[in-house]
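*Asks:*
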Amino acid sequence: MSKMIRIQTILALVASFALAPVFAVEEGEAAPDFTLPALQEGKAAFSLSAMQGKAVFVDFWASWCAPCLMSLPLYNEMYHKYKDQGLEVVAINVDNPIEDGLDFLLDTPLDFTIPADPDGEIPELYGVFGMPTSYLIAPDGTVSLVHVGYRNGDIETIEEAVKSVLPGN
Amino acid sequence: MNKLRLLLILLTSLCLLSACTPVRPWERGYLAKEEMAWDRDSLERVLNDHIFFSKEASSGGNSAAGGGCGCN
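Protein sequence lines, in the order shown, are assigned to chains A and B.
If you're matching positions, the first sequence starts at 2 in our numbering and goes up one per residue.
If you're matching positions, the second sequence starts at 9 in our numbering and goes up one per residue.
#1: When the Cα atoms are used, what is the spatial distance from Tyr151 of chain A to Val91 of chain A?
#2: Give me whichever residues DSSP pairs with Tyr136 of chain A in a beta bridge.
#3: Does any residue of chain A bring its CB to less than 8 Å from the CB of Trp34 of chain B?
#4: Looking at the structure shown, is Ser50 of chain A part of a helix, part of a strand, or coil, going by DSSP?
#5: Contact criterion: CB-CB distance below 8 Å. Does Ser50 of chain B meet it with respect to chain A?
#6: Could you give the DSSP three-state label for Val90 of chain A: helix, strand or coil?
#7: Under 8 Å: do the segment 29-36 of chain B and the segment 70-83 of chain A share three or more Cβ pairs, one atom per stretch?
#8: By the 8 Å beta-carbon criterion, what residues does the segment 93-114 of chain A contribute toward chain B?
#9: How is Pro124 of chain A classed by DSSP in three states: helix, strand or coil?
#10: Residues in the segment 129-146 of chain A with C-beta within 8 Å of chain B's C-beta atoms, listed in sequence order?
#11: Could you spell out where the alpha helix (DSSP H) holding Ile156 of chain A opens and where it closes?
#12: Spell out the partners DSSP gives Ala39 of chain A in its beta bridges.
#13: Alpha carbon to alpha carbon, how far is Ala45 of chain B from Arg53 of chain B?
#14: Give the residues of chain B in contact with Ile8 of chain A, contact being defined as C-beta atoms less than 9 Å apart.
#15: Buried or exposed for Glu122 of chain A, going by 16 or more other Cβ atoms inside 10 Å?
#16: To the nearest angstrom, report how far apart Lys11 of chain B and Val59 of chain A are at their CA atoms.
#17: By the three-class DSSP mapping on this structure, what secondary structure does Leu22 of chain B have?
#18: Buried or exposed: Phe47 of chain A, going by 16 or more other Cβ atoms within 10 Å of its Cβ?
#19: Using the beta-carbon count (16 or more within 10 Å), is Met132 of chain A buried or exposed?
#20: So is Ala65 of chain B in contact with chain A if we call contact Cβ pairs under 8 Å?
#21: Spatial neighbours of Ser50 of chain A within its chain, please: CB distance less than 6 Å, with the 5 preceding and 5 following residues excluded, ordered by chain position.
#22: Thinking C-alpha only, which one of A:Lys55, A:Leu40 and A:Ile6 is nearest Ala63 of chain A?
#23: At a threshold of 7 Å, does Trp46 of chain B count as lining the ligand ZN (C-beta to nearest heavy atom)?
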């Protein structure tokens, strides 16, 4: 009987490692294309392929993730600062149900594009391994920065990276 | 007979493994809820940790910060 339990435990452990995500988008790689509907009703869907020639900052966030909520207003400021120079900010909400994300936006209005992905298909595609994770995509479609988590002062590092990939540079 | 039993165990195990999947970072909404925390009051926990660490001359070993995002 104990042998049976041992075998089952080993199999469970092997499976948990085997099923762990092995693919993650890294700096220098081409950003996988995706299309998602907007979180807010009446807003247009977002497609990464339609952003060719622009620098795109893609962020994954959820209303239950404290560092995400800290970073979003700062990304809004960054968006206003550089949007005329060709920066697009896209904050993909992964809340399920999506109403949780909408509740947050009632108190904190954000001006950039906010698509909804309650099933988590795009974080799966990108191999996100922490929340929040953001990807800076250069105008040629390659990922130039992968930033995991958010701590005070991180916006400076991100802004520096954004400035270096803006289409005008 | 033993081989048959082993095969049966393997097949049963494989069926059970369908539920064996890691929680992805974006699926931690329920884990981040207040009612899922070990302590009722996070401020009280921080205070208790502070007292414990100063008395024991040690640091860390408790739950990680970050509200279940797996980022900090």
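We put the beta carbon where it would ideally sit given N, CA and C, even for glycine.
*Replies:* Put simply:
#1: By one-based count along the first sequence, residue 151 of chain A stands at place 150. By one-based count along the first sequence, residue 91 of chain A stands at place 90. Each residue's alpha carbon lies about 16 Å from the other.
#2: Taking the first sequence and counting its residues from 1, one reaches residue 136 of chain A at position 135. Beta-bridge pairing links Tyr136 of chain A to A:Val59 and A:Val147.
#3: For the purposes of this step, residue 34 of chain B is taken as residue 26 along the second sequence, with counting starting at 1. With 8 Å as the cut-off, Trp34 of chain B counts as an interface residue toward chain A.
#4: Translated into the one-based positions of the first sequence, residue 50 of chain A becomes position 49. The answer is helix: DSSP assigns Ser50 of chain A an H, G or I state.
#5: Taking the first residue of the second sequence as position 1, residue 50 of chain B is located at position 42. Closer than 8 Å: no.
#6: Within the first sequence, residue 90 of chain A is the residue found at index 89, counting from 1. It is a strand residue.
#7: With the cut-off at 8 Å, the segment 29-36 of chain B and the segment 70-83 of chain A do not touch.
#8: Per Cβ criterion, the list reads Val95, Asp96, Asn97 and Asp101.
#9: Counting from 1 along the first sequence, the entry for residue 124 of chain A is found at position 123. The three-state reading of DSSP puts Pro124 of chain A in helix, counting H, G and I together.
#10: Val129, Phe130, Gly131, Met132, Pro133 and Thr134
#11: As a first step, residue 156 of chain A is located in the first sequence; it is residue number 155 there, counting from the start. Residues Asp155 to Val166.
#12: On the first sequence, residue 39 of chain A is found 38 positions in, with the first residue counted as 1. Per DSSP, A:Pro116.
#13: Here residue 45 of chain B corresponds to residue number 37 of the second sequence, with the count starting at 1. Here residue 53 of chain B corresponds to residue number 45 of the second sequence, with the count starting at 1. If you take the alpha carbons of Ala45 of chain B and Arg53 of chain B, they lie about 11 Å apart.
#14: Translated into the one-based positions of the first sequence, residue 8 of chain A becomes position 7. Under the 9 Å cutoff, chain B gives Leu14, Ile17, Leu18 and Ser21.
#15: Indexing the first sequence from 1 puts residue 122 of chain A at position 121. With fewer than 16 other Cβ atoms within 10 Å, it is exposed.
#16: As a first step, residue 11 of chain B must be located in the second sequence, where it is residue number 3. As a first step, residue 59 of chain A must be located in the first sequence, where it is residue number 58. When rounded, the distance between both Cα atoms is 53 Å.
#17: Locating residue 22 of chain B in the second sequence gives position 14, where the first residue counts as 1. Of the three classes helix, strand and coil, the one that applies to Leu22 of chain B here is helix, per DSSP.
#18: Here residue 47 of chain A is taken as the residue at index 46 of the first sequence, counted from 1. That one is buried.
#19: As a first step, residue 132 of chain A is located in the first sequence; it is residue number 131 there, counting from the start. Met132 of chain A should be labelled buried.
#20: Mapped onto the second sequence, residue 65 of chain B falls at position 57. No, Ala65 of chain B lies away from the interface with chain A (no Cβ there is under 8 Å from its Cβ).
#21: As a working mapping, residue 50 of chain A is identified with position 49 in the first sequence. Closer than 6 Å at Cβ, skipping near neighbours: Asp34.
#22: In the first sequence, residue 63 of chain A corresponds to position 62, counting from 1. Measuring from the Cα of Ala63 of chain A, the nearest candidate turns out to be A:Leu40.
#23: Because no ligand of any kind appears in the structure shown, any question about the ligand ZN cannot be addressed here.
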